[in-house]
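Numbering (numbering that gives the first Met the number 0), first residue to last: 0 to 347.
Idealized CB from N, CA, C, for every residue including glycine.
Remember, predicted model here, so these are calculated numbers, not experimental data.
One structure below.
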Amino acid sequence: MASFQEKDILRALTRVIDPDLHRDIVSLGMVEDIRISGNDVSFTLVLTTPACPIKEQMQQACQEAAGSVPGVDSVAVEVISRVPANRVGANRAPIIGVRNTIAVGSGKGGVGKSTVAVNLALALAQDGARVGLLDADIYGPNVPLMLGITDKPQPQNGKILPVEKYGLKVMSMGFFVEADSPVMWRGPMLAKMLQQFLYDVEWGEIDYLVLDLPPGTGDVQITLAQQMPLTGALIVSTPQEVALMDATRALNMFVKLDVPILGMVENMSYFLAPNGDKLPIFGHGGAKDAAERLGVPFLGEVPLDQRIREGSDSGSPIVLTDEQGSNSVAFHHISRGLAAQVSMLALN
Ligand SMILES: Nc1ncnc2c1ncn2[C@@H]1O[C@H](COP(=O)(O)OP(=O)(O)O)[C@@H](O)[C@H]1O
Ligand SMILES: [Mg+2]
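Structure representation (structure tokens):
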């Protein structure tokens, strides 16, 4: 018989605070399945995302806290994750199986929104999340090219199966723009089209559905923000003033329509010359300043790098082809920050 009980372990674990959620892991319900066998303790730590930047530290902290209980000989912590579903606004039907939808928007076209959306989706998947990517740029769908997809989605039981590539489930208008597109996709109404992309696609179990939006504040964005179940929006901007002005406009549209802002990203933040020099072609730091001014999280920056463009054009995104490189590190930093924002939102 051990000299300690489950409640002693739990009490010790209340000292472990989740740094993003600012609460202890016990009251957050992150500790499960405590087992005591002799003087050995084991339990499961359930994180809110597999893209947790501090998985190892959390595990270590648990280990130490439980190990500090008098009488405990050994502690085994199994770390798993379960991404919580965010509530969606009133009058919006949730998408079955889809826990979170993240709209990636920008003020202007050409700032790298699709590039960022694609690489972030892949980065989340690399961390073990189940990720969907919906190319909602109805008029200029680039995602199939960026992911090198040549397959077409197939119908199944009255629904449509997304195309799977690099571990992502993908849907895009680009799959249907040829002459033989099925009638159901020809509907003249944009809202109907978006609705079909969200609700008539067999997404399956998805932690994060990333939506690559068209630029600006047009019909697609307004329809999505007003009628569809969006968890939040991520705004991509380049550093210069004109781009930031438009990004701010896009951001304010989401705010007006009650869509939470998950954060801002600065793309083409500086030019990474082949010799390693960082040149501020479009300026540098503008998006960070804007985020501070607007009171939204700044999630990180991505340099202007020829290899990123080449990856997008060739259908082999940089986070896949250069997994250890600085660009991948940058995208992972952003995707993990984004996942943390989604987790925080679920807590409110
Ligand atoms: N960080 C970057 N470095 C180099 N090229 C980039 C970067 N981000 C985007 N690009 C390139 O810029 C062009 C526009 O990017 P894209 O993602 O299509 O922008 P948007 O979706 O905002 O219109 C593409 O050719 C893309 O490969
Ligand atoms: Mg685009």
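Which residues in the same chain as residue i place their Cβ atom closer than 6 Å to its Cβ, once the five residues preceding and following it in sequence are excluded?
i: Ile148; result: Val162, Lys164
i: Val74; result: Val40, Gln62, Ala65, Gly66
i: Arg98; result: Val82, Ala84, Asp206
i: Thr114; result: Ser311
i: Phe3; result: Val68, Gly70
i: Gly173; result: Pro140, Pro143
Less than 7 Å between C-beta atoms, sequence neighbours within five positions excluded: which residues of the same chain meet that for residue i?
i: Leu189; result: Ile137, Asp218, Val219, Thr222
Helix, strand or coil: how does DSSP classify residue i here?
i: Pro143; result: helix
i: Thr100; result: strand
i: Glu291; result: helix
i: Val130; result: strand
i: Ile333; result: helix
i: Asn274; result: coil
i: Thr230; result: coil
i: Arg34; result: strand
i: Pro110; result: The question names Pro, but residue 110 in the sequence shown is Val. Residue state, collapsed to three classes: coil.
i: Arg22; result: strand
i: Asp7; result: helix
i: Gln155; result: strand
i: Gly310; result: helix
i: Glu351; result: What is shown of the chain runs 0 to 347, which leaves residue 351 out entirely.
i: Leu12; result: helix
i: Asp218; result: helix
Under the rule that 16 or more other beta-carbon atoms within 10 Å means buried, what is residue i, buried or exposed?
i: Asn347; result: exposed
i: Ser26; result: exposed
i: Met57; result: buried
i: His21; result: exposed
i: Ala272; result: exposed
i: Pro154; result: exposed
i: Ser327; result: buried
i: Pro140; result: buried
i: Arg129; result: buried
i: His331; result: buried
i: Lys277; result: exposed
i: Thr300; result: The sequence as given places Glu at residue 300; Thr does not occur at that position. Buried: at least 16 other Cβ atoms inside 10 Å.
i: Lys112; result: buried
Looking only at its own chain, which residues have a Cβ that is under 8 Å from the Cβ of residue i, when we skip the five neighbours before and after it?
i: Gly28; result: Val45
Residue i bridges to which residues according to DSSP?
i: Lys164; result: Leu167
i: Leu303; result: Phe270
i: Thr43; result: Glu31, Glu77
i: Ser105; result: Val235
i: Ile348; result: With the chain covering 0 to 347 only, the question about residue 348 has no answer from this structure.
i: Ile280; result: Gly282
Give a yes or no on contact between the stretch 188-202 and the stretch 262-271, applying the rule of three or more CB pairs nearer than 8 Å.
-> no
The stretch 240-248 touching the stretch 102-112, judged by at least three CB pairs closer than 8 Å | The stretch 102-112 and the stretch 240-248 touch, with three or more beta-carbon pairs separated by less than 8 Å.
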